[in-house]
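Some notes on the structure that comes next.
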Amino acid sequence: MWIRPLQAELSDNTLALYAPNRFVLDWVRDKYLNNINGLLNDFCGADAPQLRFEVALSPPARCRKGR
Numbered sequence: 001m002w003i004r005p006l007q008a009e010l011s012d013n014t015l016a017l018y019a020p021n022r023f024v025l026d027w028v029r030d031k032y033l034n035n036i037n038g039l040l041n042d043f044c045g046a047d048a049p050q051l052r053f054e055v056a057l058s059p060p061a062r063c064r065k066g067r
């Protein structure tokens with residue numbers, strides 16, 4: 001429920017997660033940051049991207065869902 005509205009973009013070894021507002025961003029970061037980092041490390045090992053959270057009313061175009 002809380003993760004679903006996030007959009008993601010991987011660029012230059014950084015995984016940016018875009019939340020629609022500060023409340024969602026803070027909630028996901030507080031509740032899931034350790035889990036997300038753990039999964040990144042499990043799947044990518046030493047090559048795991050850095051994680052960045054941002055509030056974005058309109059994430060970059062390549063993150064938007066196609067219609």
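In UniProt numbering, the protein residues as written are 1 to 67.
Note that the Cβ used here is the ideal one computed from N, Cα and C, for glycine as well.
Going by DSSP, what residue range makes up the alpha helix (DSSP H) through residue 29? Per DSSP, residue 29 belongs to the alpha helix (DSSP H) from 22-44.
Only counting the same chain, and skipping five residues up and downstream in sequence, which positions put a Cβ closer than 7 Å to that of residue 6? Within the same chain, residue 6 has close Cβ partners 17, 18, 19 and 28.
Straight-line CA distance for residue 22 to residue 34? Whole-angstrom Cα-Cα distance: 19 Å.
In the DSSP output, what is residue 11 paired with across the bridge? Partner residues in the beta bridge of residue 11, as assigned by DSSP, are 14.
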